[in-house]
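Chemist:
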Amino acid sequence: MKAITSHFTSTARGFSLMELLVVVGIMAVLAAVAIPAMTGNNNAANLTSAAQRLADEMRLAQQTSTTRNLPVEVRFYLLPDPTNTSAKIYRGFQSFLVNDDSTYQPLTKASFLPTGITTNTSAAYSTLITEFTPLTSTFSVPTAGTTYQYVAFQFKSDGSTNLSSAPNAGGSWCVTLEPQREKEGSTPGLKANFATLQIDPLIGRVKVIRP
């Protein structure tokens, strides 16, 4: 029996150095385009989540103040920046029930903004932060203990707030959240993407404003 011989020449071969360099170059270009887009998407999702959580916190505080017929205090915590521990940013919040004997009882657990999301501390965009002198407390906060400062406002038992009709700086009572590493937008002092939580001092209504 004669051995069967193949009439086909194998085309399987390794990549040449030039081909490998071309492939690596294409992958690098794709990564350069994709990574910023993914980061932007993550920032947008984190910002939306953070704004919703803070709005829910304020609405729960107001609702509780009316149902319990007691003031509820909403605190904003000044804490070390997880991306730069030598700096501090307002990135935590928590609500407290103010009892008849003026003691403070935690209504919620401390919540924290996602890494990469911070509070804009401009007087124009975060009057709930800039209009008050930071205070200290003996109440322990996760990751910070008692070595922190905070600013706060209260919802009264009728659902209104203890805020004046307007901030000293003018404008509205608000706090603005934004990604730390995003470029500035068309409005001076604001990032291209942001979320402003605005509160009506007379009726306690919370509104979220997005660009």
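13 is the number that the working numbering gives to position 20 of the sequence shown; each next residue is one higher, with no gaps.
The beta-carbon is built from N, C-alpha and C at its ideal position, and this holds for glycine as well.
Note that this is a predicted model, so its numbers are computed, not measured.
Going by other Cβ atoms of all chains shown within 10 Å of its Cβ, with 16 needed for buried, is Glu171 buried or exposed?
Modeler: Burial call: buried.
Chemist: Whose CA, out of Asn186, Gln173, Thr111, lies closest to the CA of Phe69?
Modeler: Selected option, being the one with the closest Cα: Thr111.
Chemist: Report the rounded CA-to-CA distance for Glu50 versus Asn155, giving the unit in angstroms.
Modeler: If I take the Cα positions, the gap works out to 17 Å.
Chemist: How is the alpha helix (DSSP H) around Thr123 delimited, first residue to last?
Modeler: 120 to 123 is the extent of the alpha helix (DSSP H) around Thr123.
Chemist: Span of the beta strand (DSSP E) holding Ala188?
Modeler: Per DSSP, Ala188 belongs to the beta strand (DSSP E) from 188 to 192.
Chemist: Reducing DSSP to helix, strand and coil, say where Ser58 ends up.
Modeler: The answer is helix: DSSP assigns Ser58 an H, G or I state.
Chemist: Please report the distance separating the alpha-carbon of Ser42 from that of Pro107.
Modeler: Their backbone Cα atoms lie some 9 Å apart in a straight line.
Chemist: Do you know whose CA, among Tyr141, Gln191, Phe148, lies nearest Thr120's CA?
Modeler: Measuring from the Cα of Thr120, the nearest candidate turns out to be Gln191.
Chemist: Note the first and the last residue of the continuous beta strand (DSSP E) segment covering Ala116.
Modeler: Note, Ala116: premise wrong, no beta strand (DSSP E); not H, not E.
Chemist: If you compare alpha carbons, which of Arg61, Gly178, Thr76 is closest to Gln98?
Modeler: Nearest option by C-alpha distance: Arg61.
Chemist: Looking only at DSSP bridge pairs, what is Phe105 linked to?
Modeler: Gly85.
Chemist: Please classify Asn161 as buried or exposed, where buried requires at least 16 neighbouring CB atoms within 10 angstroms.
Modeler: Burial call: exposed.
Chemist: Along the chain, where does the beta strand (DSSP E) containing Tyr143 start, and where does it finish?
Modeler: 142 to 148 is the span of the beta strand (DSSP E), which, as asked, contains Tyr143.
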